[in-house]
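Residue numbers (UniProt numbering), protein chains in the order written: chain Z, 1 to 576; chain X, 1 to 82. For each residue, glycine too, the CB sits at the ideal point set by N, CA and C.
What follows is the structure, encoded as structure tokens:
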């Protein structure tokens, strides 16, 4: 059977599974739609959270990022996992105790202010929409590459699938579908990794293979260091970015992860406060399986790539691969345009090195997708990788769409415009908001704004500099009042926005940046992506200063804070 | 816990002490071992391991230990659910 047929079968089977689950787990109440009736087992919730969290970026792009950045990319690994420690200890149990449906709802009630709730809604929608655009694009790309259909056809298919299980099932449908999607994506990620680790280092565990030795007995990492230096690059294991930037970038990603609303609302679905703590641990176990495999995939696929074009692993240009002898996978990826060869010196050989005489351009995103082909694995493995990439994109898109639609139906419609809406009316509004969000996301997926990739920094910056501090102070500082929180959010958000726009252009319009986006122009060498950490500190400082000189919050708010700090009483679920 | 104080304030102080210890470990493995103190040791690159695997393993273990400690604390102070 040819690759395309197998891919159709594998992807079709997984889609049938998702829709089947959606029909079985239809949401009947707002409680089921927003929080899956708070009946999700902590291990199941951990698995769903992992699928929710790991997007097309984690599945497809991360290993490639590690391959080309080496040690520096560790900041993504630590940043995107370290946030779960903060969630488990600082946010999840208390927000679960609070027992409402959305993040803006907590901020609005804790700071007894519709303004605060409004600011939180805006942050949530900007952060989530940014993310969703990326997922939609990922779905379209995966479809068009593996099923050989038009980009738009692939995108519409993805939209219809998400529509089915997200609109029908709400959080309940999404949760159970995400569990299935996690199983698909983790199988698809680890199987090729195991084969490649076995081929290269003789160790079936990629995590150990990364520190294993290659054929000639030298450690894999030492070999990579040595080859890269010969080709003119910096060592794989060396730190290339500034020390302060590395620290702050990691910190920004950690607090950004803990502050992203679509992750936080997952912890509203478990039955008890203690389940919220354990659930964060389970989520990290399931995320960790992929995240500890990724560095091995990155290093090994990079090693394989270099070995293909420079078989003797030296810097000698005469020993590199003649273009006519390039392998089949090389030809396949050349047709996509993501792998490009230009014979600059006219010797008919492929030279990969740093600087102007480099003849090979490799798109980082092909590393995971091309992996099974490079290692000559059977077609069903390649088909599985396609299904895994789609599962990662679909699960994240659904979680984000739920966060957006609940902000619209619950925070804006019920919370601000029409508080007396019936449950039935709100459920209908939530479904309409969800359908609308899918259309908007689909539109942007089809016509991606040029700045889509850059806005990811904005999403993390928003979560790190506004949402995370506001939530944390709401729980840990009883004295924090409405004025302090709003001033803090605006100050943190404002400085972070200005810093990002300063180097990336006002509202990302090309050419309007005030200074070139290079390390020697950055303030203290801090990149725009890493500035969320500074924004958060400004938020904390301003909030404390303002709350000191204004009136303390009313009595009942102080009691509310005391109440969310103890677990007892949470089982009574939602009083509305 | 030998003290007689079973007030919500004492529960919160005990919780904060646990959180403080865990966050110190959390920062030590990631910002410390993986970034700041890396590179001193010849031969074995422990810092690289912490940066790409070790810190994540520590994070996972930490959350489960904290969850277990808090369950015990909840019962001790009689604030547990059900």
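Asked: Compute the Euclidean distance between the alpha carbons of residue 600 of chain Z and residue 201 of chain Z, then round it to the nearest angstrom.; Found: Missing from the structure shown is residue 600 of chain Z; chain Z here goes from 1 to 576 and no further.
Asked: Take the Cβ of residue 559 of chain Z as the centre, count every other Cβ of all protein chains shown within 10 Å, and call the residue buried at 16 or more, exposed below.; Found: exposed
Asked: Beta-carbon separation of residue 39 of chain Z and residue 271 of chain Z under 8 Å?; Found: yes
Asked: Whole angstroms are fine: how far does the CA of residue 512 of chain Z sit from the CA of residue 490 of chain Z?; Found: 23 Å
Asked: Going along chain X in order, which residues have a C-beta closer than 7 Å to the C-beta of residue 237 of chain Z?; Found: 45, 48
Asked: Determine, using beta carbons only, whether residue 247 of chain Z comes closer than 8 Å to chain X.; Found: yes
Asked: Would you kindly check if the distance between the Cβ of residue 130 of chain Z and the Cβ of residue 459 of chain Z is under 8 Å?; Found: yes
Asked: Cutting at 7 Å between CB atoms, please list the residues of its own chain near residue 314 of chain Z, excluding the five before and the five after it.; Found: 230
Asked: So, does the CB of residue 35 of chain X fall closer than 8 Å to a CB anywhere in chain Z?; Found: yes
Asked: Near residue 371 of chain Z, which residues of its chain fall below 6 Å by C-beta distance, leaving aside the five closest residues on each side in sequence?; Found: 192, 301
Asked: What's the C-alpha gap between residue 103 of chain Z and residue 221 of chain Z?; Found: 43 Å
Asked: Quick check on residue 20 of chain X: does DSSP put it in helix, strand or coil?; Found: helix
Asked: Which residues in the same chain have their Cβ closer than 7 Å to the Cβ of residue 442 of chain Z, if we skip the five residues on either side of it in sequence?; Found: 136, 155, 159
Asked: Taking buried to mean at least 16 other C-beta atoms within 10 Å of its own C-beta, is residue 319 of chain Z buried or exposed?; Found: exposed
Asked: On the DSSP bridge assignment, give the partners of residue 361 of chain Z in chain order.; Found: Z/340
Asked: With respect to the alpha helix (DSSP H) encompassing residue 5 of chain Z, which residues constitute its N-terminal and C-terminal limits?; Found: 3–24
Asked: Can you list, in chain order, the residues of its chain whose CB lies under 6 Å from that of residue 576 of chain Z, leaving out five sequence neighbours each side?; Found: Reliability of the predicted coordinates at residue 576 of chain Z is poor, the pLDDT of 38 falling under 50, and no value is obtained from them.
Asked: Starting from residue 199 of chain Z, trace the alpha helix (DSSP H) in both directions and tell me its first and last residue.; Found: 168–201
Asked: Just to confirm the assignment, what range does the alpha helix (DSSP H) spanning residue 109 of chain Z have?; Found: 103–110
Asked: Is it true that the CB of residue 50 of chain Z sits closer than 8 Å to the CB of residue 287 of chain Z?; Found: yes
Asked: Closer than 7 Å by beta-carbon distance: list the chain Z residues that pair up with residue 59 of chain X, in chain order.; Found: 81, 82, 84, 85, 284
Asked: In the DSSP output, which residue or residues are listed as bridge partners for residue 213 of chain Z?; Found: Z/219
Asked: Which residues in chain Z have a C-beta closer than 9 Å to the C-beta of residue 21 of chain X? List them in chain order.; Found: Here the premise fails: no neighbours, minimum Cβ distance about 11 Å.
Asked: At a Cβ threshold of 8 Å, is residue 28 of chain X touching chain Z?; Found: no
Asked: Is residue 463 of chain Z close to chain X, meaning its C-beta is less than 8 Å from at least one C-beta of that chain?; Found: no
Asked: Look up residue 565 of chain Z in the DSSP assignment and say whether it is helix, strand or coil.; Found: coil
Asked: Keeping to the same chain, check which residues put their C-beta closer than 8 Å to that of residue 15 of chain X; ignore five residues upstream and five downstream.; Found: 70, 73
Asked: Let me know if residue 23 of chain Z comes out buried or exposed under the rule of 16 or more other beta-carbons within 10 Å of its beta-carbon.; Found: exposed
Asked: Taking a contact to mean a Cβ-Cβ separation below 8 Å, would you say residue 179 of chain Z touches residue 48 of chain Z in this structure?; Found: yes
Asked: Could you tell me the alpha carbon to alpha carbon distance between residue 568 of chain Z and residue 29 of chain X, rounded to whole angstroms?; Found: 33 Å
Asked: Note down, in chain order, each residue of its chain lying with its Cβ closer than 6 Å to the Cβ of residue 471 of chain Z, except the 5 sequence neighbours on either side.; Found: 91
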